[in-house]
Amino acid sequence: MPLSEALKMPLSFESIYFNSSAWESRKKHLENEVERHNAFIKLGQEVIKGLNVLASRSR
252 MPLSEALKMP
262 LSFESIYFNS
272 SAWESRKKHL
282 ENEVERHNAF
292 IKLGQEVIKG
302 LNVLASRSR
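Per our numbering, residue 252 is the first one in the sequence shown, and the count goes up by one each step.
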């Protein structure tokens with residue numbers, strides 16, 4: 252790479268990274284983690300609702 256081309260590049264490679272396939276792969280991985288986390292939270296909420304129903308029936 253010529254020096255003039257290197258000097259025209261941004262100091263931060265952030266824009267290059269966010270336009271790369273590596274970022275797309277990372278973003279998909281993060282989205283999958285969020286979905287999995289949300290599924291556990293929803294499952295926990297359903298368990299709590301079920302326990303509340305059982306507790307109200309026993310009174």
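Note that CB positions come from ideal geometry on N, CA and C, so glycine has one too.
query: Alpha carbon of Trp274 to alpha carbon of His288, nearest angstrom; result: 21 Å
query: Distance between Glu265 and Ala306 (C-alpha atoms, nearest Å); result: 53 Å
query: Helix, strand or coil at Asn270 [DSSP, three-state]; result: coil
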